[in-house]
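Read through the structure below, which is laid out as structure tokens, and then see the notes.
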């Protein structure tokens, strides 16, 4: 039973930040596309902007991994 | 680094201004800017004649560029010839206008023929299906109708046939042909005398007749279709003739080849006149020169124009505008200017981050990918790109960045003992020398390494911020210095709390933090604590290096295991290669994006000061 809760916790730890990242990127994407239509030279900046919310997923991944490692998984 | 610039003032007799401008254009390293205003000086302006010439030159340029865009550049591989000493503006203007008009006519005719061909091609399927009939010609006294039935209306044929049987007593011929899109074309041949009756029948049965294209309306189908076939056959020859005319025209345009360079140069000189200032008898020109070129400017201007023209260097206190920025770095770092160049230029007098990017970007990339196999593939791609690119092009810079990243990937691959994931361990008995990224315990150490690297990177950014702000904004420099110190103390406190450092250090470090905190608020205001927290968050953001690295190695290991799990050796190898290919592409894309992000957001945010002026030397025009 304990392994179920550990796995669930790790899954939640990565799932919620990833959903938040997806939501943030869904807002950035159209704005980025509109910016690129007017200023194609912003492409690098736009890609970096899109990568900014990924911090949440990455930190979620780190937390999930710690949960698994602490539990000896 | 940012090249050191000097502001030079050129003074001379007014009559020598045109010659001086020509000489400066030949030298090609002075960035002209408006001189300081003074009561005795009048800003340069163009005479009505010069204004007319300027308008004429812009028209010629527009005509030549339009004609080149429509017809193509003559002798594309050859460099345009040098402009003549006395450019024939009037002859060029006439020739350019004539060429442009002809090119536009050719273009319009080619476009019209293309559209006509596309339209007629739509009827080609019908013509092919019933071609024999129309080539032989329909017998006199017979009228033809073409009808299209939409997909799924095939049953209407039988209903129409039944109606026609009753109305015409089998005195007709009905042929069908299915089209590629699913529609069914019916060709109905009836005696002319019964045409009116048939048309009524077709209207009542609500089937759609094929309309004839423009230019053929009002003709009977039997007349129009053969003519359409003939026209379709004639169009390619006409298009070829137009292409030949375009080619001949392109050759004739060779006479205009020196025009763009001459026009741009003359327009540049006219712009130079606007940037000058003059009194009743003298002129003044000011501009920026790389400091190393200043002696050259003095000597060569005296040689070219004469001793009457004097050059003086203005002291920094007399600078009325910001100096333009030229990034100049050692050969090894130069390709990384491409990565810095995606952001606005740094301001003059601040720090060029290129050398730091050149060290840390491949380092982060190598840490994330860290695989000998992927490193070798990337090095190969980099070498191929380098061989296929020309010097000083973005592609050459990308190839050299790729080679740099590949080297770090190879080094970390050896340190982590990875060759396409765990294949190196299985085949070549490779062993991790520093960290085993597949081992849970080492993953924590890897995380610690990445965050420590983040600490170094961010503190370095803060230190550069101190250096950058020291000259102009002392208070800001103090604030950044205090931030850097507090970040180091926070790290020390954490390490002492975790007993990595002696535990006895904890209390003095915390006391030092409590003392520094009000000083930080005093230096940077109430926003300082928020900034400090944001900096701590930025350091933790370097955990992405570990996350992406671990994901990369895990995917590589999974690729090997899945390939081994497939029964057939050949299928297993193909499957494994495909999986590795996907992982390789991910391993190239994500580390690049996140490596850039760590620089642009976490590192540059501490010291980078954008808004620099681009260095645009006054020189002869050259094609890019």
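Chains as they are written, first to last, in this note's numbering: chain A, 4 to 76; chain B, 22 to 645.
Backbone N, C-alpha and C define an ideal beta-carbon position, used for all residues, glycine too.
Next on the checklist: For residue 578/B, count the other beta carbons within 10 Å of its own beta carbon; 16 or more makes it buried, fewer makes it exposed. Which is it?
Outcome noted: buried
Checklist entry - What are the uninterrupted segments assigned as alpha helix (DSSP H) that are 4 or more residues long and contained completely in the segment 458-520 of chain B, given in chain order? => result 461-491, 495-518
Next on the checklist: Any beta carbon of chain A sitting closer than 9 angstroms to that of residue 464/B?
Outcome noted: yes
Checklist entry - Quick one: does residue 372/B have its CB under 9 angstroms from some CB of chain A? => result no
Checklist entry - Anyone know if the C-beta pair for residue 19/A and residue 564/B falls short of 9 angstroms? => result no
Item to check | Host alpha helix (DSSP H) of residue 48/A (start-end) | outcome: 46-54
Checklist entry - Of the residues that make up the segment 564-598 of chain B, which ones have a beta carbon closer than 9 angstroms to any beta carbon in chain A? => result 564, 565, 567, 568, 569, 571, 572
Checklist entry - Which two residues bound the contiguous alpha helix (DSSP H) that contains residue 573/B? => result 564-586
Next on the checklist: Three or more C-beta pairs under 8 angstroms: does that hold for the segment 289-307 of chain B against the segment 106-115 of chain B?
Outcome noted: no
Item to check | Beta-carbon separation (whole angstroms), residue 223/B vs residue 170/B, contact threshold 8 angstroms | outcome: With a Cβ gap of about 12 angstroms, residue 223/B and residue 170/B do not count as contacting.
Next on the checklist: Please tell me whether residue 461/B has its Cβ less than 9 angstroms away from any Cβ of chain A.
Outcome noted: yes
Next on the checklist: Can you tell me whether residue 349/B is helix, strand or coil according to DSSP?
Outcome noted: coil
Next on the checklist: Taking only three categories from DSSP, how would you classify residue 22/A?
Outcome noted: helix
Item to check | Selection from 6/A, 70/A, 47/A, 23/A that minimises the alpha carbon distance to residue 621/B | outcome: 47/A
Item to check | Buried versus exposed call for residue 46/B [16 or more other C-beta atoms within 10 Å across all chains shown] | outcome: buried
Next on the checklist: Tell me which residues share the same chain as residue 364/B and place their Cβ nearer than 8 angstroms to its Cβ, disregarding the 5 neighbours each side in the sequence.
Outcome noted: 621, 625, 629, 631
Checklist entry - Nearest chain A C-beta to residue 615/B closer than 9 angstroms, yes or no? => result yes
Next on the checklist: For residue 308/B, list the residues DSSP reports as bridge partners.
Outcome noted: 29/B, 53/B
Checklist entry - With distances taken from CA atoms, which of 52/A, 53/A, 24/A is nearest residue 59/A? => result 24/A
Checklist entry - Excluding five sequence neighbours on each side, which residues of the same chain lie with their C-beta closer than 6 angstroms to the C-beta of residue 376/B? => result 354
Checklist entry - If we cut at 9 angstroms on Cβ distances, does residue 22/A have a partner in chain B? => result no
Next on the checklist: Cβ closer than 9 angstroms: which chain A residues qualify as neighbours of residue 410/B?
Outcome noted: The premise fails here: residue 410/B is roughly 19 angstroms from chain A at the closest Cβ pair, so nothing lies under 9 angstroms.
Checklist entry - Nearest chain A C-beta to residue 621/B closer than 9 angstroms, yes or no? => result yes
Checklist entry - Taking the DSSP output, what are the residues bridged to residue 299/B? => result 63/B, 304/B
Checklist entry - Under the rule that 16 or more other beta-carbon atoms within 10 Å means buried, what is residue 33/B, buried or exposed? => result buried
Item to check | Closer than 9 angstroms to chain B by CB, residue 55/A | outcome: yes
Checklist entry - Is the CB of residue 561/B under 9 angstroms away from at least one CB in chain A? => result yes
Checklist entry - Applying the criterion that 16 or more other CB atoms from any shown protein chain within 10 Å of the CB defines a buried residue, is residue 84/B buried or exposed? => result buried
Checklist entry - Of all the CB atoms in chain A, is at least one closer than 9 angstroms to the CB of residue 313/B? => result no
Checklist entry - If the cut is a Cβ gap below 9 angstroms, which residues of chain B does residue 62/A touch? => result 561, 562, 564, 565, 568
Checklist entry - Along chain A, in chain order, which residues have C-beta atoms closer than 8 angstroms to that of residue 468/B? => result 65
Item to check | Minimum C-alpha distance to residue 167/B - residue among 184/B, 198/B, 313/B, 179/B | outcome: 198/B
Checklist entry - Thinking just about the alpha-carbon of each residue, which of 463/B, 499/B, 59/B, 313/B is nearest to the one in residue 485/B? => result 499/B
Checklist entry - Can you name the residues of chain A whose CB is closer than 8 angstroms to the CB of residue 618/B? => result 51, 54, 55
Checklist entry - Below 9 angstroms between beta carbons: does that hold for residue 444/B and residue 581/B? => result yes
Checklist entry - Would you say residue 359/B and residue 422/B are within 9 angstroms of each other, going by their C-beta atoms? => result yes
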